[in-house]
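**Q** Those protein sequences? They're chains A and B, same order as listed.
Reading the first sequence from the start, the letters are residues 194 to 419 in this note's numbering.
Reading the second sequence from the start, the letters are residues 701 to 896 in this note's numbering.
Every residue gets a Cβ at the ideal spot worked out from N, C-alpha and C, and that includes glycine.
Every value quoted in this text rests on a predicted model; they were computed, and no experiment measured them.
Encoded as structure tokens, here's the structure I'll be asking about.
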Amino acid sequence: MVNRKLVKALKFRYVLLAAVLIILAGGLVLIPKFEKHVGIAPELLLSNAISPERYISTDELADRIINNDPSVLLIDVRDAISYKENTLPNSINIPLENLLNEDFEGYLNQEAYDVILFSNDSFRANQAWIICNRLNYKRLHVLKGGINEWFNTIINPSQPTENMSKTAYDLYSFRKAASMFFGVKYIDQIKKPEPKKVYVAKKVTTTPKVVVPKKKKKKMPIEGGC
Amino acid sequence: MGLLTLINTIPYEWDNVLAIIIGLAFGFVLESSGFSSSRKLAGVFYGYDFAVLKVFFTAAVVAAIGLYYMDYLGFISVGQLYVHPTYLWGGIIGGAIMGVGFVAAGFCPGTAVTSAAIGKIDAMVYIGGIMIGVFIFAELYSLFQPLYEGSFLGNITVVDYFDLNPYWFIFILTIAAILAFILTDLIRKRVKKVFY
């Protein structure tokens with residue numbers, strides 16, 4: 194009726210179970226350890242990396258700065274010397290080497306501002322972006338092309354040729370206006386104060402000419418302010 | 701993270717349903733393994749039945765080993781698990797009070813409910829006692845508050861606090877558990893048997 198061999202074996206069942214527990218726990222000690230993946234899941238990092246939100250173009254950034262967008266937080270990841278030489282207005286200097294410094298964590302690890310990282314080109318800013326992304330910081334962007342691109346498009350925009358489309362001309366005029374906002378002076382704009390002096394003497398004759406420059410005169414004081 | 705993300709895919713509204721199902725299963729297992737008997741629970745203190753100690757120690761060791769294997773294989777992340785916050789003196793004094801209640805009545809709160817469910821009157825009285833205790837605590841909360849919220853150590857574990865290697869800690873804990881089982885078995889054999 195009762196399988197005697199089974200009964201004999203089951204006599205040791207507690208010993209066997211204890212042995213299994215010890216072997217499993219010992220295995221936990223003995224298994225080779227490996228460096229655990231720290232930070233967000235690789236898949237998430239990858240999807241963040243290919244997201245179009247990763248980059249912000251210089252035109253978009255210029256537009257947001259000119260419109261006094263309060264949610265923009267510019268972070269210069271170059272070293273302090275380059276930061277002193279030239280940088281974007283109202284930016285904070287966090288050199289890439291000091292990125293994980295606790296003092297700067299408040300700027301990077303937050304959800305109130307759009308953090309825009311930039312360097313001379315996109316390279317160092319992208320490095321900072323990857324590091325901060327792995328730490329699961331939110332709302333991070335890289336200025337596409339960095340300061341070089343900023344200079345080429347906003348500060349010194351290239352004039353479109355005659356065979357280019359209207360959008361190219363619109364873009365150029367936007368960039369030109371933006372560069373004036375950031376303090377660039379164009380020869381055709383500088384001329385205008387001269388007729389202004391004449392303007393006092395001959396009111397009637399020069400009025401039609403002055404109408405156009407007057408608009409631009411309004412922009413000039415803003416330049417000085419910045 | 702794999703298993704944890706699977707849990708996250710369950711809609712929030714199902715939480716209570718799952719809680720009831722898990723609770724029913726827990727109560728069923730408690731009752732079917734005899735834990736609704738206050739004599740069995742009190743047996744730990746009198747030395748004739750160590751089932752409670754064995755069950756809880758085995759559960760802790762099995763869960764710890766299982767969790768760390770799953771952590772090793774990447775199914776879950778131990779760092780993401782919820783750790784209950786530690787209030788040191790509140791825990792010590794509250795634990796002592798609960799121990800007195802445990803040995804006096806022969807129930808822990810969970811087993812008291814299962815016993816009440818099978819109609820044991822002493823368990824119902826015990827639950828009434830819990831309610832009175834809760835009431836007293838709530839009424840005198842301002843008196844107990846410094847103890848209740850004091851000596852807060854954060855969401856720590858033994859491994860974090862003493863900076864131990866978790867794998868070695870689990871191994872030593874397992875050995876300790878098995879030694880405890882052997883020792884309690886020896887005690888049980890010497891103590892006069894109680895039939896219940």
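What number of angstroms, rounded off, separates the C-alpha of B:Gly-833 from the C-alpha of B:Ser-842?
**A** For this step, residue 833 of chain B is matched to residue 133 along the second sequence. For this step, residue 842 of chain B is matched to residue 142 along the second sequence. B:Gly-833 and B:Ser-842: Cα-Cα distance of roughly 15 Å.
**Q** If the cut is a Cβ gap below 8 Å, which residues of chain B does A:Leu-221 touch?
**A** As a working note, residue 221 of chain A is residue 28 in the first sequence. Going along chain B in sequence order, the residues near A:Leu-221 (Cβ under 8 Å) are Ile-765, Tyr-768, Tyr-769, Tyr-772, Tyr-867, Ile-870, Phe-871.
**Q** Going by the CB atoms, is the gap between B:Val-761 and B:Ala-877 shorter than 7 Å?
**A** By 1-based counting over the second sequence, the position of residue 877 of chain B is 177. By 1-based counting over the second sequence, the position of residue 761 of chain B is 61. For B:Ala-877 and B:Val-761, yes; Cβs fall inside 7 Å.
**Q** For A:Phe-367 and A:Thr-346, what's the separation of their Cα atoms in angstroms?
**A** The residue you call residue 367 of chain A lines up with position 174 of the first sequence. The residue you call residue 346 of chain A lines up with position 153 of the first sequence. Cα to Cα, A:Phe-367 sits roughly 10 Å from A:Thr-346.
**Q** In whole angstroms, give me the CA-to-CA distance for B:Tyr-908 and B:Lys-889.
**A** As shown, chain B starts at 701 and ends at 896. That puts residue 908 of chain B outside it, with no answer to give.
**Q** Taking only the alpha-carbon atoms, compute the straight-line gap between A:Phe-344 and B:Asp-771 and give it to the nearest angstrom.
**A** As a working note, residue 344 of chain A is residue 151 in the first sequence. As a working note, residue 771 of chain B is residue 71 in the second sequence. Computed Cα separation, rounded: 50 Å.
**Q** Looking at C-beta atoms only, is the number of pairs between the region 216-226 of chain A and the region 861-880 of chain B that lie closer than 8 Å three or more?
**A** Yes, since at least three Cβ pairs between the region 216-226 of chain A and the region 861-880 of chain B fall closer than 8 Å, the two stretches touch.
**Q** Can you name the start and end residues of the alpha helix (DSSP H) that A:Ile-259 belongs to?
**A** Looking up residue 259 of chain A in the first sequence gives position 66. Taken as a continuous stretch (DSSP letters only), the alpha helix (DSSP H) holding A:Ile-259 covers 251-259.
**Q** In three-state DSSP terms, what is B:Leu-767?
**A** To locate residue 767 of chain B, count along the second sequence from 1; it is residue 67. Reduced to three states, the DSSP call for B:Leu-767 is helix.
**Q** Tell me whether B:Asp-860 is buried or exposed, calling it buried when 16 or more other Cβ atoms sit within 10 Å of its Cβ.
**A** Stepping through the second sequence from its first residue, residue 860 of chain B is reached at position 160. Exposed, by the Cβ-count rule.
**Q** Consult DSSP for B:Gly-829 and reduce its assignment to one of helix, strand or coil.
**A** Position 129 of the second sequence, counted from the start, is the residue given in the question as residue 829 of chain B. DSSP places B:Gly-829 in helix when its eight states are reduced to three.
**Q** Would a check of beta-carbon distances place A:Ile-216 closer than 7 Å to chain B?
**A** Taking the first residue of the first sequence as 1, we reach residue 216 of chain A at position 23. No, its Cβ sits nowhere closer than 7 Å to a Cβ of chain B.
**Q** Within 8 Å, do at least three Cβ pairs link the region 711-720 of chain B to the region 798-808 of chain B?
**A** With a cut-off of 8 Å, the region 711-720 of chain B and the region 798-808 of chain B do not count as touching, because too few Cβ pairs lie within range.
**Q** Chain B beta carbons: is any one of them nearer than 7 Å to that of A:Ala-242?
**A** Here residue 242 of chain A refers to the residue found at position 49 when the first sequence is read from its first residue. Answer no: the Cβ-Cβ gap between A:Ala-242 and chain B never drops below 7 Å.
**Q** Just list the alpha helix (DSSP H) runs in the region 255-293 of chain A, keeping only unbroken ones of 4 residues or longer that don't cross its boundaries, in chain order.
**A** The qualifying runs are 273-278.
**Q** Could you tell me which whole beta strand (DSSP E) segments of length 3 or greater appear in the region 784-866 of chain B?
**A** Those beta strand (DSSP E) runs which fall completely within the region 784-866 of chain B and span 3+ residues are 852-854.
**Q** Is B:Leu-730 helix, strand or coil when you go by DSSP?
**A** Counting from one through the second sequence, the residue named residue 730 of chain B turns up at place 30. In this structure, B:Leu-730 counts as helix in the three-state DSSP scheme.
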